[in-house]
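Data first, discussion second: the structure below is written as structure tokens.
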Amino acid sequence: MTRATHWVIAALLAIPAALIATKVAVLDYRMSDVLPRTEYHVSLTMTLDGHGRDVKIRTYLPVSDDHQAITAEQQSASELHLGFEAEAGDRLGVWTGGGVGDRAEARFAFSVLSEHVRYQLDPGIAVPASYPESVAPLLRPEESIQVDSPEIATLAHRLGADRGDVRSRLERIYGFTSAMAQRPFKGTTDALTALRLGEASCNGKSRLLVALARHVGIPARLVGGIILGRGSKKTSHQWVEVYVGGHWVPMCPTNHHFAELPASYLVLYRGDKSLFRHTADINFDYRFTITSDRVPSPKAKAAFRVFNVWALFDRLGLPFSLLRTILMLPIGALVVVVFRNVIGMPTFGTFLPALIAAAANETGAGWGLIAVLILVAIVFLARGAVHRLELLHSPTLAILLAAVAVAILGTALAADHVGLHRLTRITMFPLAVMAITAERFYLTLTERGGTSAGKELAGTLVVMLACHAVMGSLALQVMVIGFPEILLWVVAADIYLGRWVGVRLSEYLRFRPVLTPGSPS
Amino acid sequence: MIAAARGLYAVARRWRQVLAHRDELYGINRRNVELVYAENPRRHYPIADDKLLAKQHLAAAGVPTPATLHVCEGLFAIPRVLAALADESQIVIKPANGAGGQGIVVLGERLGPGRWRKAGGDPYTVRELQRHLAEIVLGSHTDMLADQAFVERRIVPEPLFHELWTEGLCDVRVITHGAVPVMAMVRVPTRESDGRANLHQGGLGLAVELAHGRTFRAVHRGQAITHHPESNMPLVGLDLPRWDEVLAVARRAAAAVPLGYLGCDVVVDAVLGPLVLEINARPGLEIQNVHGYGLGRALAAAGCR
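Here the protein sequences come in this chain order: A and B. At position 251 of the first sequence (counting the first as 1) the number is 251 in the numbering used here, and the numbers step up by one without a gap. At position 166 of the second sequence (counting the first as 1) the number is 166 in the numbering used here, and the numbers step up by one without a gap.
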């Protein structure tokens with residue numbers, strides 16, 4: 001290797017190292033900021049039988065705040081019209097319709113990107129003598145929150161929650177309700193019932209917590225919402241917010257969160273209310289369907305200040321997965337280089353395995369494998385059929401491509417027919433990659449015979465799977481997305497391998513007569 | 001336990017042997033970096049890849065090559081070439097940019113108007129010839145979009161080479177470095193290789209001692225052999241005819257082109273003597289297996305490294 005090459009490699013290694021060091025040390029850049037976040041897509045479906053009457057449904061819809069960002073709202077409904085109303089800081093969705101028939105449906109969908117919120121409760125905050133007018137009412141009793149009950153007073157005293165600073169009072173109240181036995185109880189449990197039973201569901205525990213807090217002079221309120229997670233659910237959830245030092249601090253005695261709100265909690269409304277209110281006798285039903293995917297964290301996005309491809313992708317509405325694939329492609333190419341130049345594994349074309357792996361990123365490695373195998377089988381059969389006609393090269397290839405196109409659609413049709421829905425994804429495989437694979441396979445088959453073509457096919461599949469494993473590595477993706485300058489390290493490795501004159505692994509076998517003369521080969 | 005230790009020891013010994021010989025071996029990476037990229041500027045590849053261009057360069061330097069009878073530059077030229085070949089026999093049709101013997105058709109005696117016998121015995125018609133010329137000029141045998149076809153007089157092999165392969169042509173591959181011959185082998189087609197001088201397809205390779213032109217090792221499908229697997233002719237210890245002239249034309253061919261590392265394919269015509277058939281700017285590495293030692297040792301012996 002020449003001196004110049006050494007210097008170039010050294011520079012390519014040093015520059016990203018310096019950039020990363022600067023980001024971490026000076027710009028206070030942390031790996032955890034770069035980790036992709038989970039975005040939930042929530043779809044609320046409501047069904048009802050209107051029997052030809054007027055119908056009204058009201059439910060609470062989420063609002064963006066410090067904890068949750070709500071985007072991409074969509075709604076659709078048959079026979080119903082959606083309007084929005086504000087109700088003391090909450091947002092109501094009101095669906096109304098006249099002469100609504102049976103099996104009417106309304107759908108409301110949105111995306112949530114939420115953050116885990118933690119509060120630090122300082123010791124020594126005394127219970128204030130008075131509260132602002134907006135908060136003071138939240139010390140009063142309600143129908144199911146019996147603040148003035150002697151039993152509540154006795155319990156508060158027994159817990160020692162009527163003495164000391166705000167934090168110690170809350171800790172005692174929370175500790176008691178949090179330790180209560182869990183009961184998967186449907187329907188409403190008031191504070192006293194929960195106290196008498198000694199066990200409760202989420203709303204019973206939360207009401208008891210609110211009653212105790214209010215009793216010892218700390219404003220508190222119920223919070224209603226759902227816990228986000230993939231799947232389909234009807235269960236809503238209730239927890240509590242207490243007013244400390246001018247802030248509403250969340251806590252959940254059911255799932256044991258004190259002064260913190262997990263990212264999976266979606267807030268829909270505040271107060272002791274029902275999530276749904278609707279016209280009677282309409283056979284109302286509802287369901288939350290939740291999916292999720294990984295998206296970059298806003299902080300990782302903010303890191304792209306100079307080479308701001310992220311803003312570009314956001315503007316063009318392109319998916320994050322595409323940007324990830326593009327950024328990972330150089331690493332996939334390096335994997336191919338290692339397999340070709342260090343191991344000596346033959347493949348179709350130089351970077352086809354990396355491209356197939358990138359394409360399979362959307363469909364899954366298994367489907368990439370199946371797509372390539374179907375493709376190769378079709379090319380093999382079609383070539384056998386066309387071979388006798390002794391056509392010129394390019395028209396032969398054109399016929400093979402036509403066969404490939406028809407085969408892909410045929411495979412999708414057949415898969416759909418027998419209910420193999422995942423196999424229909426073969427149509428998502430980029431046609432350009434398919435076409436190049438078909439051409440390379442045909443050329444090898446024609447020029448160097450079936451054995452060579454088979455070896456190249458096996459090599460292509462092995463390298464493709466290796467590329468898929470490396471390009472799909474979350475750790476690597478996070479590194480490259482957070483610190484794209486790492487790609488210079490990849491280039492340095494490419495340069496090193498570009499001047500590497502070592503014996504390829506496969507050549508130890510090929511050149512046995514030279515390497516071990518005298519021994520039987 | 002003891003067997004495992006013995007096995008381990010054998011592996012260690014074998015590995016030491018591998019290490020001892022690894023330095024002299026040229027793998028593909030080392031060949032490309034140290035020989036091809038270092039000695040053969042890419043812009044000069046066409047001189048080797050295009051056989052017509054190579055022949056022009058060689059002819060200009062006075063290197064003997066088989067005479068070019070006709071050149072077919074495109075579809076338009078096919079009728080002219082067919083007319084010129086109507087009464088010809090003993091000719092070879094080649095693509096200018098073919099590799100590995102692809103697209104080469106050898107015609108023997110003329111059987112009648114528009115009919116020949118191919119090398120190997122099958123009849124060949126003028127229609128087939130017309131199609132073949134069209135395929136060549138449309139680039140079927142090359143990576144490029146178009147190519148040229150050319151026609152050469154068929155070589156009459158010198159008797160020893162004829163005896164090695166009676167149906168066609170054996171050639172001598174001479175590896176040169178800076179116009180100095182470094183390694184040489186005879187490539188012998190067989191029935192198994194379908195008449196092609198390709199070692200991977202069952203052709204034979206005979207390693208030649210440079211100084212005297214005597215074969216000292218023969219290899220068939222990676223195995224050292226002493227006799228021809230099909231004719232049982234002895235293959236080791238053969239004295240190649242007109243060896244000094246073979247080396248001389250290889251030297252002159254290498255000096256005639258701006259490529260420092262070459263594979264010169266030389267054939268010995270019974271009448272015309274050694275002729276350079278073609279030159280290769282990226283000669284294969286299998287010659288090392290035929291010799292049983294690496295190119296590095298050969299380069300050192302020739303005073304090149």
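For glycine and all other residues, C-beta sits at the position ideal for the given N, C-alpha and C. Source: prediction; values computed, not measured.
Glu507 of chain A belongs to the set of residues whose beta carbon lies under 8 Å from a beta carbon in chain B. For His21 of chain B, at least one C-beta of chain A is nearer than 8 Å to its own C-beta. The CB of Trp500 of chain A comes closer than 7 Å to the CB of Asn29 in chain B, given here in chain order. Each of A:Glu439, A:Val336 and A:Val335 was checked against the Cα of Val379 of chain A, and the nearest Cα belongs to A:Glu439. The contact set of Glu34 of chain B on chain A, defined by CB atoms closer than 8 Å, consists of Val501 in chain order. Nearest to Val462 of chain A by alpha-carbon distance, out of A:Ile436, A:Leu113, A:Ala405 and A:Val372, is A:Val372. Interface residue (Cβ-Cβ distance to chain B less than 8 Å): Arg504 of chain A is classified as such.
Contact between the stretch 108-118 of chain B and the stretch 62-72 of chain B is not established, with fewer than three Cβ pairs separated by less than 8 Å. By the Cβ neighbour-count rule, Trp165 of chain B is buried, with 16 or more other Cβ atoms within 10 Å of its own. With respect to the 8 Å criterion, Pro157 of chain B and Leu169 of chain B are classified as neighbours on the basis of their beta carbons.
Two segments are said to touch when three or more pairs of C-beta atoms, one from each, lie closer than 8 Å; by this definition the stretch 169-180 of chain A touches the stretch 205-221 of chain A. Considering only A:Leu208, A:Asp165, A:Val490 and A:Gly164, the residue with the shortest C-alpha distance to Phe176 of chain A is A:Leu208.
By the Cβ test, the stretch 7-20 of chain A is in contact with the stretch 479-490 of chain A, since at least three Cβ pairs between them sit closer than 8 Å. Against Val137 of chain B, chain A offers no close residue; the least beta-carbon distance is about 11 Å (beta-carbon pairs closer than 9 Å). For a Cβ distance threshold of 9 Å, residue set Val503, Glu507, Phe511, Val514 and Leu515 of chain A lies close to Leu25 of chain B, ordered along the chain.
In the three-state scheme derived from DSSP, where H, G and I count as helix and E and B as strand, Tyr261 of chain B is classed as strand. Taking all protein chains shown into account, Asn29 of chain B has 16 or more neighbouring C-beta atoms within 10 Å of its C-beta and is therefore buried. Using a C-beta cut-off of 8 Å, the stretch 500-510 of chain A makes contact with the stretch 329-344 of chain A, since at least three inter-stretch Cβ pairs fall below that distance. Interface annotation, Gly74 of chain B: not in contact with chain A, CB-CB separation never under 8 Å. By the neighbour-count criterion, in which 16 or more other beta carbons inside 10 Å mark a residue as buried, Pro41 of chain B falls on the exposed side. If you draw a straight line from the Cα of Glu209 of chain B to the Cα of Thr460 of chain A, it is about 41 Å long. At least one CB of chain A lies nearer than 8 Å to the CB of Gly292 of chain B.
DSSP places Gly98 of chain A in the uninterrupted beta strand (DSSP E) bounded by Asp90 to Val100. Restricting attention to A:Tyr131, A:Ala407 and A:Asp65, the CA atom closest to the CA of Ile370 of chain A is found in A:Ala407.
For Leu391 of chain A, the three-state secondary structure derived from DSSP is coil. A Cβ of chain A is located within less than 8 Å of the beta carbon of Asn289 of chain B.
If you draw a 10 Å sphere on the C-beta of Arg140 of chain A, you find fewer than 16 other C-beta atoms in it, and that means exposed. Counted as a single uninterrupted DSSP element, the beta strand (DSSP E) harbouring Gln75 of chain A occupies residues Gln68 to Ala77. Residue burial annotation: Leu247 of chain B is buried, with at least 16 other C-beta atoms found within 10 angstroms of its C-beta. In this structure the stretch 267-282 of chain B touches the stretch 44-55 of chain B; the number of beta carbon pairs closer than 8 Å is three or more. Taking 7 Å as the Cβ-Cβ cut-off, the stretch 172-203 of chain B has no residue approaching chain A.
Leaving aside the five residues that flank Gly52 of chain A on each side, the residues in its chain whose CB is nearer than 8 Å to its CB run, in chain order, Gly99, Val100 and Gly101. Listed in chain order, the non-local C-beta contacts of Ile9 of chain A below 7 Å within the same chain comprise Ala492, Ile495 and Tyr496, local neighbours out to five positions each way being set aside. Identification of chain A residues near Val268 of chain B by a Cβ-Cβ cut-off of 7 Å yields none; the smallest Cβ-Cβ distance measures about 27 Å. DSSP places Ser43 of chain A within a strand segment (E or B) once states are collapsed to three. Taking one beta carbon from each stretch, the stretch 73-81 of chain A and the stretch 113-127 of chain A have fewer than 3 pairs nearer than 8 Å; the two do not touch.
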